[in-house]
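Asks:
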Amino acid sequence: MRHAIAPGTGDPDEFTLGDCSTQRNLSETGREQAAAIGRKLEEAGVKVDVVYSSEWCRARQTAELLGLAPVESASFLNSFFEDRTEAARQNRAFRNKLEELAEEGRKALFVTHQVNITELTGVYPASGEIVLITLDENGEVEPGGSIHE
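Counting in my numbering, the final residue of the sequence shown is number 166, and the numbers go up one at a time with none missing.
(1) Kindly confirm or deny that the segment 98-107 and the segment 43-50 touch, where touching means at least three C-beta pairs closer than 8 Å.
(2) Measuring only the C-alpha atoms, how far is serine 133 from leucine 94?
(3) Nearest to histidine 130 by CA position, among Glu120, Leu118, Ala143, is which residue?
(4) Find the nearest neighbour of alanine 61 within the set Leu85, Glu154, Gln40, Thr33, judged by alpha-carbon distance.
(5) Three-state secondary structure (DSSP) at serine 92?
(6) Assign leucine 34 to one of three DSSP states: helix, strand, or coil.
The following block contains the structure:
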């Protein structure tokens, strides 16, 4: 899932990962969007065991506002918008987590950023859009459609 609506692009020059006051955050509309998506998923009977989130505040806020399951931070979901050299390493870590979850029979929702989703799937998601993915028999990610408002 791409985080909910957070106006702007990228992050300010003074961005600090652990300090939300230095980041681009969800707008009121984004907070409402995240909570509404969580309600719709719950009403549709979607069950997940865990929600993994980028360490960026806008992703974490989205994950928490969904209200679907416990939220765990996952650095492999962090944005590499400013530094694409991390893309391959992060995608390998993402695939490893998907394989681990599949072996355990667990379902998860991942809240991350547009650049990460596009790199992994080829899909350019809107804010709040959920891209459904599975792993094929070779461990490659296959997009299987999307859910958006």
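Every residue, glycine too, gets a C-beta built ideally from N, C-alpha and C.
Replies: Per the coordinate set shown:
(1) Contact between the segment 98-107 and the segment 43-50 is absent: fewer than three C-beta pairs spanning the two stretches fall below 8 Å.
(2) As a working note, residue 133 is residue 116 in the sequence shown. As a working note, residue 94 is residue 77 in the sequence shown. The question names serine, but residue 133 is asparagine in the sequence shown. Spanning the two alpha carbons is a distance of roughly 7 Å.
(3) What you label residue 130 is simply residue 113 of the sequence shown in a count that begins at 1. The shortest Cα separation from histidine 130 among Glu120, Leu118, Ala143 belongs to Ala143.
(4) As a position in the sequence shown, residue 61 is number 44, starting the count at 1. Minimum Cα distance to alanine 61 is reached at Leu85.
(5) The residue labelled residue 92 in the question sits at position 75 within the sequence shown. In the structure shown, serine 92 falls within a helical segment according to DSSP collapsed to helix, strand and coil.
(6) Reading the sequence shown from its first residue, position 17 is the one you call residue 34. Here leucine 34 carries a coil assignment [DSSP, helix/strand/coil].
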